[in-house]
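**Student:** Take a look at this one; I'll ask things after.
Number of protein chains: 2
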Amino acid sequence: MKRVRLIVSYDGTNYCGWQVQDNETTVAGVINEHLSELLGEEIKIAGASRTDSGVHALGNVAVFDTETQIPAEKICFALNQRLPEDIRIQESDEVSADWHPRFQDSKKTYEYTIINRRFPDPTKRLYAHWEYGELDAETMKEAAEYLVGEHDFASFCSAGGQQETTIREIYSINVEKEGDIITIRVQGNGFLYNMVRIIAGTLIEIGKGTYEASKMKEILDAKDRNEAGPTARANGLKLVKIEYENA
Amino acid sequence: MKRVRLIVSYDGTNYCGWQVQDNETTVAGVINEHLSELLGEEIKIAGASRTDSGVHALGNVAVFDTETQIPAEKICFALNQRLPEDIRIQESDEVSADWHPRFQDSKKTYEYTIINRRFPDPTKRLYAHWEYGELDAETMKEAAEYLVGEHDFASFCSAGGQQETTIREIYSINVEKEGDIITIRVQGNGFLYNMVRIIAGTLIEIGKGTYEASKMKEILDAKDRNEAGPTARANGLKLVKIEYENA
């Protein structure tokens, strides 16, 4: 028996999110199906992040246990041959039997992408939120700074999460504008349900001028979901990577 | 009667190219259908560039004649309401009755995008050519320089083009690497059939080390399609913009 870790990338457009659900096509469900066929045993992977429907990933992390003789490093090649084009395993390796992608400290990096132009660019429609009104990226950047550090992020959490506490630490948030693309890149030790999308939705309102930058601090202090902006669309969100202290 | 110009963007993935063909879904065909419905008269647009199946555009240019009373500037809004999500009109305006997007001098800008990493990124699979072997962007840049200027580009032209001469002028080619993305951006007064894709395919071979940079000059001088590299995949190509002296 060995435990194998996968670095998993996917285009979330055609999936009902990561987590296995009856009668729905999910990323974990499709990987389980192809891994089980490949290895000839029933495989159930456990993922680090249960991304929502339509959310993308470059580096989600998952593990599974197997009796296979195939070296762990080769599994990514064999599995990619079977998977649909919108899921690709970037890496596979063996980890210790008690290594789990969720129950340990990690640094997660998410990106939220906004395309800011008069009409959408069709080639970006599945991977960026389109906003036609001109956004002020400098004010968004200023507002984002209030979120850095350890805070109670209750204002940025949708109902339905299962966490015991709404305190999280954000290590950094960068807002960058290049041409008509604005990228919000956020790193933290963990994120509440819809947290990055609510932060993005609030920053968009600030970028439009609905609120001033300092409103972000008021929202944070209120600890009330109703104070923050809307949850921005799933298609703009991408889980970029997860880094572990005990790699 | 007035002549209206459209700036047309599309995701070419699901189209058999620009040009109307019987029994095939094409970009011009779909626009003709929706424009005709919108304006209540039969419309046939004429495009600047007949992009191939799978090729994308941010700024292709087209014109049509119409009897409509709708101001030309409003047509983009009304048409975008009807078009599928993978086609968007960026702008519409009235031009003089003899203005044509093909039969006059213009500067065209194309981009060819390569993603260079061990396994594909699923969110880029429709908009970038994936290459797993490490490419040397500096050598590609050096090789590209040989193509700048007025030359006979017969080595970079697939059979099936309808041009009278294979002489064209390339104003600039830039090869830029950012992370795992290499972008080849080329500007010229016109391009032969598959010319940008053959240039990209040749630069990829040079980037892999199959040829040295100076081989590009030999290929150009040979005026023989068999000397150049393969035609790179359509999905990496995007027509970015077309600029006219007589706008």
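Protein sequences, first through last, are from chains F and W. Numbers in the numbering used here are just positions in the first sequence, counted from 1, shifted up by 7. Numbers in the numbering used here are just positions in the second sequence, counted from 1, shifted up by 7. Positions of the beta carbon are idealized from the N, C-alpha and C atoms, including for glycine.
Quick check: what's the CA-CA separation for Leu199/W versus Trp25/W?
**Tutor:** Cα to Cα, the separation comes out at about 16 Å.
**Student:** Quick one: which residues of the stretch 62 to 87 of chain W get their C-beta closer than 8 Å to a C-beta of chain F? List them in chain order.
**Tutor:** Result list: His63, Leu65, Cys83 and Asn87.
**Student:** Quick one: Cα of Val247/W to Cα of Glu225/F, how far?
**Tutor:** 43 Å
**Student:** Could you compute how far the alpha carbon of Ser99/W sits from the alpha carbon of Ala69/W?
**Tutor:** Cα to Cα, the separation comes out at about 10 Å.
**Student:** By the three-class DSSP mapping on this structure, what secondary structure does Phe84/F have?
**Tutor:** helix
**Student:** Please report the Cβ distance between Ser60/W and Tyr119/W, rounded to the nearest whole angstrom; I am assuming they are in contact, meaning their Cβ atoms lie under 8 Å.
**Tutor:** Rounded, the Cβ-Cβ distance is 16 Å, inconsistent with contact.
**Student:** Take Leu130/F as the anchor and find which of Pro91/W, Asp187/W and Lys222/W has the nearest alpha-carbon.
**Tutor:** The question names Leu, but residue 130/F in the sequence shown is Thr. The residue with the shortest Cα to Cα distance from Thr130/F is Pro91/W.
**Student:** Taking the alpha carbon of Ser16/W as the reference point, which residue from Asp228/W, Thr173/W and Ala35/W has its own alpha carbon closest?
**Tutor:** It is Ala35/W.
**Student:** Use the C-beta contact count for Lys245/W: other C-beta atoms within 10 angstroms, 16 or more gives buried, fewer gives exposed.
**Tutor:** buried
**Student:** Kindly indicate which three-state DSSP category Phe71/W falls into: helix, strand or coil?
**Tutor:** strand
**Student:** Report buried or exposed for Lys51/F, applying the criterion of at least 16 other Cβ atoms within 10 angstroms of its Cβ.
**Tutor:** exposed
**Student:** Using only the alpha-carbon positions, how far apart do Glu74/W and Glu152/W sit?
**Tutor:** 48 Å
**Student:** Using 8 Å as the limit for Cβ to Cβ distance, is Glu92/F near chain W?
**Tutor:** yes
**Student:** Kindly indicate which three-state DSSP category Thr120/W falls into: helix, strand or coil?
**Tutor:** Residue state, collapsed to three classes: strand.
**Student:** Could you have a look at Asn242/F and say whether DSSP puts it in helix, strand or coil?
**Tutor:** In this structure, Asn242/F counts as helix in the three-state DSSP scheme.
**Student:** Closest to Arg124/W by CA distance: which of Glu138/W, Lys81/W and Glu176/W is it?
**Tutor:** Nearest C-alpha to Arg124/W: Glu138/W.
**Student:** Quick one: what does DSSP say Ser56/W is sitting in, helix, strand or coil?
**Tutor:** coil
**Student:** Output, in chain order, the set of chain W residues within a Cβ distance shorter than 9 Å of Tyr17/F.
**Tutor:** Listed by position along chain W, the residues whose Cβ is nearer than 9 Å to that of Tyr17/F are Pro129 and Thr130.
**Student:** Going by the CB atoms, is the gap between Asn242/F and Tyr285/F shorter than 8 Å?
**Tutor:** Nothing about residue 285/F can be reported from this structure: the residues present for chain F run from 8 to 254 only.
**Student:** Considering just the uninterrupted stretch of the alpha helix (DSSP H) at Gly195/F, what are its terminal residues?
**Tutor:** It is not in any alpha helix (DSSP H) - Gly195/F instead sits in the beta strand (DSSP E) that spans Ile188 to Gly195.
**Student:** So the beta strand (DSSP E) Ile180/F belongs to, where does it begin and stop?
**Tutor:** Ile174 to Glu185
**Student:** Taking only three categories from DSSP, how would you classify Ile258/W?
**Tutor:** Beyond the ends of chain W as shown, which are 8 and 254, falls residue 258/W; an answer cannot be given.
**Student:** Please confirm if the stretch 163 to 179 of chain W is in contact with the stretch 193 to 209 of chain W, defined as three or more CB-CB distances below 8 Å between the two stretches.
**Tutor:** The answer is yes - the stretch 193 to 209 of chain W touches the stretch 163 to 179 of chain W, with three or more Cβ pairs under 8 Å.
**Student:** Do Leu42/F and Phe84/F come within 8 Å of each other at the CB atom, strictly closer than that value?
**Tutor:** no
**Student:** Of the residues Leu86/W, Lys230/W and Glu212/W, which one's Cα is nearest the Cα of Gly236/W?
**Tutor:** Glu212/W
**Student:** When you check each C-beta in the stretch 20 to 31 of chain F against every C-beta of chain W, which residues fall closer than 8 Å?
**Tutor:** none
**Student:** If you draw a straight line from the C-alpha of Arg109/W to the C-alpha of Ala150/W, how long is it?
**Tutor:** 30 Å
**Student:** Does any C-beta atom of chain W lie closer than 8 Å to the C-beta of Gln170/F?
**Tutor:** no
**Student:** Where DSSP assigns a beta bridge to Gly156/W, which residues make up the other side?
**Tutor:** DSSP, once it has assigned bridges, lists Ile177/W as partnering Gly156/W.
**Student:** Leaving out five residues on either side along the sequence, give the residues of the same chain with a beta carbon under 6 Å from the beta carbon of Asp112/W.
**Tutor:** Glu252
**Student:** Do Gly214/F and Leu142/F come within 8 Å of each other at the CB atom, strictly closer than that value?
**Tutor:** yes
**Student:** When you compare the CB positions of Phe255/W and Asn87/F, do they come within less than 8 Å of one another, or not?
**Tutor:** Residue 255/W falls outside the range modelled here, since chain W spans only 8 to 254, and no answer is possible.
**Student:** Taking Cβ positions, are Val203/W and Ala144/W nearer each other than 8 Å?
**Tutor:** Not in contact: Val203/W and Ala144/W (Cβ atoms no closer than 8 Å).
**Student:** Tyr153/W versus chain F: which residues are under 9 Å apart at the beta carbon?
**Tutor:** Simply none; closest approach about 29 Å.
**Student:** Just tell me which of Asp93/F, Asp231/F and Glu80/F has its CA closest to the CA of Val62/F.
**Tutor:** Asp93/F
**Student:** Bridge partners of His41/W, per DSSP?
**Tutor:** Per DSSP, none; premise fails for His41/W.
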